[in-house]
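Reviewing the structure listed below.
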Amino acid sequence: MSTSSTQLVAVLTTLRDVLHDTELPLQVPGAEDARGLRREMVGQLEDYVLPRLTQIDAPLLTVVGGSTGAGKSTLVNTLVGAGVSETGVLRPTTRTPVLVHHPADAGWFETDRILPDLPRTTGAGGSGAGSLRLVATTTQPVGLAILDAPDIDSVERGNRVLAAQLLAAADLWLFVTSAARYADQVPWDFLKQAAERSASLAVVLDRTPPAAVDEIAADLARMLTDRGLRDALLFTVTEGTVSDDGLLPAEAVAQVRSWLHSLAADAGARAAVVKQTLDGAVRSLARSTHHIADAAAAQSDMTARLRADVDAAYDEAVRQVDEASADGSLLRGEVLARWQEFVGTGELLRSLEMRVGWLRDRISGFLRGRPQQAEKVTVAVESGLESLILESAESAAERAAASWGSVEAGQRLVQDAGHDLSRASRDLRSQAERAVRDWQQDVLDMVRAEGADKRSTARFLALGVNGLSVALMVVVFAHTAGVTGAEAGIAGGSAVIGQKLLEAVFGDQAVRRLADAARRDLRARVEELMHGERARYVDVLQGLAPAPDTEERLRASARGIDDARLAGSPGDTA
Amino acid sequence: MVAGSRKRRARRTGSDVAARLDGLQVAVDAARGRLDDRLADDAAEVLERAGGRLRLSADHTVVALAGATGSGKSSLFNAISGLDLSAVGVRRPTTSTTMACVWGAEDAGALLDWLGVPKRHQVERESTLDEPDTSPDPSPDTVSGAPGEEDLHGLVLLDLPDHDSVEVSHHVEVDRLVAMADLLVWVLDPQKYADAALHERYLTPLRSHAQVMLVVLNQTDTVAADRFPGMLDDLRRILADDGLDGVTVLATSAATGAGMPALRQEVAARVAAKEALRARIRADAVAVAMRMRDANGDAHPGEVAVARSRKQELVDSFADAAAVPTVVRAVEASTLARARRATGWPLTAWLSKLRPDPLKRLHLGRGAGKELATLSRTSVPQASPVQRARVDSAVRAVSDDVSDGLTRPWAAAVRRASVSRLHDLHDALDTAVAGADLRADHTPLWWQAVRAVQRGLILVVLAGALWLGVLAVMGYLQLPAPGTPDFRGFPVPTLMLVGGVLVGVLLALGSRLLAGVGARAKARAVDRSLRTAIGEVTQSLVVEPIETEVAAYRSVREGLAAALG
Chain A
8 MSTSSTQLVA VLTTLRDVLH DTELPLQVPG AEDARGLRRE MVGQLEDYVL PRLTQIDAPL
68 LTVVGGSTGA GKSTLVNTLV GAGVSETGVL RPTTRTPVLV HHPADAGWFE TDRILPDLPR
128 TTGAGGSGAG SLRLVATTTQ PVGLAILDAP DIDSVERGNR VLAAQLLAAA DLWLFVTSAA
188 RYADQVPWDF LKQAAERSAS LAVVLDRTPP AAVDEIAADL ARMLTDRGLR DALLFTVTEG
248 TVSDDGLLPA EAVAQVRSWL HSLAADAGAR AAVVKQTLDG AVRSLARSTH HIADAAAAQS
308 DMTARLRADV DAAYDEAVRQ VDEASADGSL LRGEVLARWQ EFVGTGELLR SLEMRVGWLR
368 DRISGFLRGR PQQAEKVTVA VESGLESLIL ESAESAAERA AASWGSVEAG QRLVQDAGHD
428 LSRASRDLRS QAERAVRDWQ QDVLDMVRAE GADKRSTARF LALGVNGLSV ALMVVVFAHT
488 AGVTGAEAGI AGGSAVIGQK LLEAVFGDQA VRRLADAARR DLRARVEELM HGERARYVDV
548 LQGLAPAPDT EERLRASARG IDDARLAGSP GDTA
Chain B
462 MVAGSRKRRA RRTGSDVAAR LDGLQVAVDA ARGRLDDRLA DDAAEVLERA GGRLRLSADH
522 TVVALAGATG SGKSSLFNAI SGLDLSAVGV RRPTTSTTMA CVWGAEDAGA LLDWLGVPKR
582 HQVERESTLD EPDTSPDPSP DTVSGAPGEE DLHGLVLLDL PDHDSVEVSH HVEVDRLVAM
642 ADLLVWVLDP QKYADAALHE RYLTPLRSHA QVMLVVLNQT DTVAADRFPG MLDDLRRILA
702 DDGLDGVTVL ATSAATGAGM PALRQEVAAR VAAKEALRAR IRADAVAVAM RMRDANGDAH
762 PGEVAVARSR KQELVDSFAD AAAVPTVVRA VEASTLARAR RATGWPLTAW LSKLRPDPLK
822 RLHLGRGAGK ELATLSRTSV PQASPVQRAR VDSAVRAVSD DVSDGLTRPW AAAVRRASVS
882 RLHDLHDALD TAVAGADLRA DHTPLWWQAV RAVQRGLILV VLAGALWLGV LAVMGYLQLP
942 APGTPDFRGF PVPTLMLVGG VLVGVLLALG SRLLAGVGAR AKARAVDRSL RTAIGEVTQS
1002 LVVEPIETEV AAYRSVREGL AAALG
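From first to last, the protein sequence lines stand for chains A and B.
Per the numbering used here, the very first residue in the first sequence carries number 8; after that it's consecutive.
Per the numbering used here, the very first residue in the second sequence carries number 462; after that it's consecutive.
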């Protein structure tokens, strides 16, 4: 084994590993094809390219493939001279692939050197599907094995997949078609693949009425030439009577048999066949790797896009709550009414803004009689904040689901998520309730801690911890009210009262600090809630994106393959 | 009753198909834009095809021979027609254009045009009774057929190209005609009867069409007689896997003629019954209607409606957003202020004019008049984010309620509809509030009466004061005092002055109490009328769009029920 081929094996092994890890789960355009291609590539690497590169002297594997009913098994039986593969009129006939080899070659095939995922059986009878039956017979020349593959086009999907896998593992394709089949589309799709990979190919035109042999063979040869398969050998086998063992008369396949035997006898010719197929396979792998790299990049882009959609939706939700809880709009309606009841009548407030000192006394008088008013403001604040948070989360979920729904990949994810992503989670209401209550509790604690040394002052006693924390909330809610203009006027006015009240107790530095802390606290809680909501989407995306360097590693592998091939080719041809 | 009897009659006269198609049409119209449009397109295609076919000759039955390349479609075609019309050969694919053969004298030209079979392949076969010269379309290629074909009268036999060769144009032609033919004859052969190209692409999707299909296993001469029954069983098994257990399977050999009479007889029977055309259309309609029903779901329409309690929640949240409580409070305060001004003691009542009218602050009512108010914007505060959030969740609750039990596309359609007009929310609410009659100018009669009394009392007070003044001046000037009448010992002028003031103030206080009651009652009335106006807003912005969707759902469901029979 030359150094260049060692290098090639190393690169291809890396490629296999990277491909193995590159799942392409998102339904982006072309992903279906890319997934199929990746599966084929991994299969071909494991089933054929890597084993063949490491053991270049292994016997030549000829895979007999083709349509159902074209006579593959009969052909194999006749070539071998014994009924090794079941024949019949029921379609599809062959369901278990049969590998016929000389006993001396048994060592090459009994191990899982090639086609490692197919268990081997050696029994004569039909065995379980999904296994590979080995038949050793001395009529088969040493150094050349024949594999009878299932059909490529019957209703049995499993057969079709297996046949494709087997053909990908072949050193030499012996493609069987018939007079009725030779213009079918499905076989030609396979032949097109063979042409792309420049696999060594021989076509057998089977089951041909003797009278029509020349006409059909000419037509088929023309089609092969049209499709870039000019070099393919073309054999014809006329339709004949099949013996009870499932054999054609030996002379019908004499041409094919003698060609195969001469190939088996000539090591140089055999090596040339192997080299052509192997080279073609490696070349097509390098080419296909770029497609997979593109697909991986598309997956990364799609994941990033979906993630950005979710982030945009929930960032907007956080922003909405943040804004609404700072510009004084929370202070309208219910909260304002309760607050005004708390500090006195609205009329009073408006007329007395300038006379805060008098007002304070007035308020104290009010409060002493009605301590439960503070509680009412708290409740109103709670319900207002809660509605705000809930609706923001609902509309964020709806926006995120809508933007995911605009691409197929996202649509699939939303459908398969198990729960309805387009709605906020069920327990969000209780979570929001708890978050708002916790926040209020924190505000209360803050005020209590701040007022620890002022506990005995008359004003502190007059308002109580509850009253002061309510005032602090009102100040928080009117944080930006000053700049939002006229509509926040009333709210702003209310906040000014709250501010003066607090300043009278704590001093203005402390009030600003307290308000900032309470605001940050509220924001953090809202962010946490939204983070939980966002996580439902993010979890769905989890693990879907390929590793960040996948694309780069794939392209590096493709370059590595090309380098190794260029380095290797002069030596090999010499 | 009437509908029922019409339905029965329709069935008797064979327009059962027409009723199904009408139902499908209703369903398609209502489903478009709501269910998957591809589905609606498919159904519309079925309708268009059915309409096209039904307009044309119902006396003809279009029978298409379809199958893989090399299965012997053309040989069968020739064997049935008894003529060497279709080219038979060993090269694949042999037939590249569709060939038609028409039995009977009726002109099938329009039908063949509709099928898109080129004229030159039309072969009109005359019945024995007709003169060859009277052929309606004596094109050069027209061939007069052999006699004795009475049993096939009305048959239009098509020989389709293959569906599995490398010639893609053939597949396109097959797909087109398979969708149009009345009766499909699938020609299979021993080599290809299990091909995925046939079963997965054609037979499985057509599993609802077993009634209008025949499966013919041709080339039986190539299989040993003892193996043949097993093959036929195998074919039946695969067909059953496709979902076609009821389909008629025949075995023929165009080469030896075996099975040909049976095939011919089967085709003749179908042609004579003239049922294939309707059966095909029915099968198409049912197949597409089933697919639509899967997407549509089958929730009972009775369960799909906007609940009354939800409507109330909706109105409450909208009223909140429209600041109805603010307006109502302003109405009460304004009424009270005006009542004080009208019924208060005139000497102090003017003071209240210094305070602004709360309604005017909102740019509502009071002198502007209803018409003017609707033109100008009110200054009712805009809905705050919290109120807006409550509106949104009330709307969401309604759409959730309605779409409970509906399939995903319908739920999405309802949701879309529920918010489709919400961008007008503020304008609509503003208009509703501005347009509502707050009766701000209304002055109750008793106010006027009290005002008149107050004015009278002021006059009395003034008269008393004047009187006392005159008396005082006369006393000052030492003029003899004229006698003042007295009432129970009190001099009348003093009584007029003091009593007038006293009664006036008492009357003002009493009226104030009464005005408070009146203002509250008025506030309640205004609240009611505002909520009624807002109820109309919710109706037009939310409930109506949703109900349109519900009605569409009902149409689709009923239409599909009719299409499915």
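Using N, Cα and C, we set each Cβ at its ideal position, and we do this for glycine too.
If you're wondering where the values come from, they're calculated on a predicted model, not measured in any experiment.
Residue 660 of chain B and residue 636 of chain B have their C-alpha atoms roughly 14 Å apart. Here the segment 260–271 of chain A does not lie against the segment 35–52 of chain A, with fewer than 3 beta-carbon pairs under 8 Å apart.
Around residue 432 of chain A, the same chain offers 540, 543 as residues with beta carbons nearer than 7 Å, after the five sequence neighbours per side are excluded. Residues are counted here when their Cβ sits less than 7 Å from a Cβ of chain A; for the segment 616–635 of chain B these are 625, 626, 627, given in chain order. Boundaries of the alpha helix (DSSP H) around residue 286 of chain A: 274–331. Cβ neighbours of residue 15 of chain A within its own chain (closer than 6 Å, five residues either side excluded): 571. Here residue 449 of chain A has 528 as same chain residues with Cβ atoms under 6 Å from its own Cβ, once five neighbours each way along the sequence are excluded. Along the length of the segment 73–98 of chain A, whole alpha helix (DSSP H) runs at least 4 residues long occupy 79–87, reported in chain order. The beta carbons of residue 158 of chain A and residue 99 of chain A sit about 5 Å from each other, so the pair counts as a contact at 8 Å. Listed along chain A, no residue sits closer than 7 Å to residue 773 of chain B by beta-carbon distance, the nearest being about 18 Å off. At a C-beta separation below 7 Å, residue 699 of chain B has these neighbours in chain A: 162. Annotation: residue 509 of chain B has no Cβ neighbours in chain A at a cutoff of 7 Å; minimum Cβ distance is about 28 Å. One alpha carbon belongs to residue 113 of chain A, the other to residue 265 of chain A, and they sit about 22 Å apart. A Cβ of chain B is located within less than 8 Å of the beta carbon of residue 185 of chain A. In chain order, 395, 396, 399, 533 place their CB closer than 7 Å to the CB of residue 328 of chain A, counting only its own chain and leaving out the 5 sequence neighbours on each side. According to the DSSP assignment, residue 240 of chain A belongs to the beta strand (DSSP E) that extends over 240–245. For residue 920 of chain B, the enclosing alpha helix (DSSP H) has its first and last residue at 906–937. Taking the Cβ atoms as the reference, residue 723 of chain B lies roughly 16 Å from residue 647 of chain B, outside the contact range of under 8 Å. Residue 199 of chain A sits exposed, since fewer than 16 C-beta atoms from the chains shown fall within 10 Å of its C-beta. Taking the Cβ atoms as the reference, residue 684 of chain B lies roughly 23 Å from residue 663 of chain B, outside the contact range of under 8 Å.
Residue contact with chain B for residue 97 of chain A: present (Cβ-Cβ distance below 8 Å to some residue of chain B). The DSSP-derived three-state label of residue 903 of chain B is coil. Assigned with DSSP and collapsed to three states, residue 786 of chain B falls in helix.
In the DSSP annotation of this structure, the continuous segment of the beta strand (DSSP E) that includes residue 620 of chain B starts and ends at 616–620. Take residue 382 of chain A, set aside five residues on each side of it, and the residues of its chain with a beta-carbon closer than 8 Å to its own are 473, in chain order. Residue 168 of chain A and residue 1024 of chain B have their alpha carbons spaced roughly 40 Å apart. Residue 510 of chain B is a Cβ neighbour of residue 641 of chain B, given a cutoff of 8 Å. Ranked by how close their Cα comes to the Cα of residue 244 of chain A, the residues A:299, A:193, A:211 have A:211 in first place. Close CB contacts of residue 489 of chain B within its chain, under the 7 Å cut and outside five residues either way in sequence, are with 501, 504, 505, 508 (chain order). Judged by DSSP in its simplified three-state form, residue 64 of chain A adopts coil rather than helix or strand.
Note: residue 952 of chain B is bridge-paired with B:947 in the DSSP secondary-structure output. In the DSSP assignment, the residues bridged to residue 108 of chain A are A:143. Taking 8 Å as the cut-off, the beta carbon of residue 33 of chain A is found no closer than this to the beta carbon of residue 276 of chain A. Following the DSSP letters along the chain, one finds residue 195 of chain A in no beta strand (DSSP E) but inside the alpha helix (DSSP H) bounded by residues 192–204. With respect to residue 721 of chain B, residue 540 of chain B sits close: the two C-beta atoms are nearer than 8 Å. DSSP lists A:153, A:179 as the bridge partner or partners of residue 69 of chain A.
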